[in-house]
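Enquirer:
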């Protein structure tokens, strides 16, 4: 039995498809299949039900895969401890982020991380909150960045920064000349929203519910990305709400035409750093320090926590 075989087993459990698991492990499909057969022969038990598509673990396989995850996590912890003893920031950090955060935060921090910590490898996954927490629970991720406080007692949660919301308003909208915006003026009648499953959608609806303008109204067509909402406002009118980071890449013209600030205190979200295992401390500190430093320089409206 080898760490490589256990890695292949866990990858197949994640992808439930031999070719996808092999691609994730950077090996050929026959290589992965042969090694998993050898592992089953050595253990004397069938780990996978190959009659199903997608592939599913057997009852025994589920228990052994869970243990394989633990073994691999402890291997990573041993490696991380060895690196900490050397007082070097080196190793791999598996980071899960929200789709409403990743496209705006990662391009800001990645160049700084690569320059300051050349021996650090960042593996990124873009998932909704529930999937980030599940991946942390199953040791698929080392750390997650989420925007709610629903992690639970199994996790260590640390507020990282507070990000205000802004309005993205069409030039012909009734609120385009309102500066600053008043949340009590928001109406679901002309508000573009993300689709269900995004915590940012829930936060926007919560803001509107505190100041109901028309309780019988219905939000407009829903989208899966903030960039689509922006294009809808540009082409079809109306308005949407955006987290402040989503506006940092916009030109001065776009910001002056569409972006409107809220009256103080603005609606906001707190981005929290979530871990389940307390290891890879140097990598985590490198990530936290870089995020806080970059955001302080790039967007003065974002307030670092801690």
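Residue numbers (this note's numbering): 69 to 374.
Every residue gets a Cβ at the ideal spot worked out from N, C-alpha and C, and that includes glycine.
1) Which residue wins for smallest C-alpha separation from residue 143, given the options 345, 354, 355?
2) Which of the three DSSP states, helix, strand or coil, is assigned to residue 224?
3) With a threshold of 16 other CB atoms inside 10 Å of the CB of residue 317, please say whether the residue is buried or exposed.
4) Find the nearest neighbour of residue 237 within the set 297, 215, 209, judged by alpha-carbon distance.
5) Could you tell me how far apart the beta carbons of residue 148 and residue 348 are, in whole angstroms, since I believe they sit closer than 8 Å?
6) Do residue 233 and residue 341 have their C-beta atoms within less than 9 Å of each other?
7) Here's the rule I'm using: 16 or more other beta-carbon atoms within 10 Å means buried, otherwise exposed. How should residue 69 be labelled?
8) For residue 330, count neighbouring Cβ atoms within 10 angstroms of its own Cβ and tell me buried if that reaches 16, exposed if not.
9) What three-state label does DSSP hand residue 185 in the structure shown?
10) Could you give the C-beta distance for residue 90 and residue 96, rounded to a whole number, given that I count them as a contact under 8 Å?
11) Which same chain residues end up closer than 8 Å to residue 86 when comparing Cβ atoms and leaving out the 5 residues on each side of it in sequence?
12) For residue 231, is the classification buried or exposed, using 16 other Cβ atoms within 10 angstroms of its Cβ as the cut-off for buried?
13) Just the Cα atoms here: how many angstroms apart are residue 62 and residue 190?
14) Work out the CA separation of residue 350 and residue 131 for me, nearest whole Å.
15) CA-CA distance, residue 250 and residue 256?
16) Would a C-beta distance cut-off of 9 Å place residue 193 and residue 162 closer than the cut-off?
17) Alpha carbon to alpha carbon, how far is residue 373 from residue 110?
18) Mind the definition here: the stretch 268–276 touches the stretch 357–368 only if three or more C-beta pairs lie below 8 Å; say whether that holds.
19) Would you say the stretch 167–175 touches the stretch 201–209, given that touching needs at least three Cβ pairs under 8 Å?
20) Suppose the cutoff is 8 Å on Cβ atoms and the five residues either side in sequence are ignored; what does the same chain contact list for residue 181 look like?
Expert: So, to answer that:
1) 345
2) strand
3) exposed
4) 297
5) 5 Å
6) no
7) exposed
8) buried
9) coil
10) 6 Å
11) 80, 97, 100, 101, 123
12) buried
13) Here the chain covers residues 69 to 374 and nothing more, so residue 62 does not appear.
14) 32 Å
15) 14 Å
16) yes
17) 50 Å
18) no
19) no
20) 188, 190, 354, 355, 358
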